[in-house]
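For the sequence shown, position 41 matches number 41 in our numbering, and the numbering has no gaps at all.
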Amino acid sequence: LPPSTDELRRVVACVTRAQQNQPHELRFLEADLVDFDPDLVVAVDAGVKSADLLVRQLRVLTWHRSTNETTKWIVRSMGESDLKVVSKQLVTDVQGPMDGGEYQMVEEAVKA
Numbered sequence: 001l002p003p004s005t006d007e008l009r010r011v012v013a014c015v016t017r018a019q020q021n022q023p024h025e026l027r028f029l030e031a032d033l034v035d036f037d038p039d040l041v042v043a044v045d046a047g048v049k050s051a052d053l054l055v056r057q058l059r060v061l062t063w064h065r066s067t068n069e070t071t072k073w074i075v076r077s078m079g080e081s082d083l084k085v086v087s088k089q090l091v092t093d094v095q096g097p098m099d100g101g102e103y104q105m106v107e108e109a110v111k112a
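Here's what the structure looks like:
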């Protein structure tokens, strides 16, 4: 199942809490599910491994306005209130697209 609106809100809140330095500067670019390891799925289906090993994880891509850094976060979702950042990785040489307000600020700066 794709992430629900409520699940996405909780994931955004989890990443925002984890970003202790200027969380209001974050722009969320993408959020999607991380696919399960196919070998693990086969093992669970065959009864070799426990289904408890299939943990829902979401990949979140953020861009920090002040530092111009793009970060990939992996958030483990074990239930409604049990979310945890399990990975945070800086993505080099990538910048998120500008939104309308940022585009206008750049345009005004260029014309000045």
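Even glycine gets a Cβ: it sits at the ideal position worked out from N, Cα and C. It should be emphasised that the depicted structure is a prediction, and the values quoted were computed from it without experimental measurement.
Query: In terms of DSSP beta bridges, what is L61 paired with?; Result: E30 and K72
Query: Straight-line CA distance for A43 to L90?; Result: 33 Å
Query: In this structure, how does DSSP classify V86 when only helix, strand and coil are distinguished?; Result: strand
Query: Might you give, ordered along the chain, the residues of its own chain that have their beta carbon closer than 8 Å to the beta carbon of L54, omitting 5 neighbours on each side?; Result: F36, L40, V41 and V44
Query: Cutting at 6 Å between CB atoms, please list the residues of its own chain near A18, excluding the five before and the five after it.; Result: V85
Query: If you draw a straight line from the C-alpha of L26 to the C-alpha of S77, how long is it?; Result: 21 Å
Query: For V60, is the classification buried or exposed, using 16 other Cβ atoms within 10 angstroms of its Cβ as the cut-off for buried?; Result: buried
Query: Quick one: what's V114 bridged to in DSSP?; Result: Residue 114 cannot be examined here, being either before or after the span of the chain that is shown, 1 to 112.
Query: What residue from L83, W63, K111 and D82 has the CA that sits closest to D99's CA?; Result: W63
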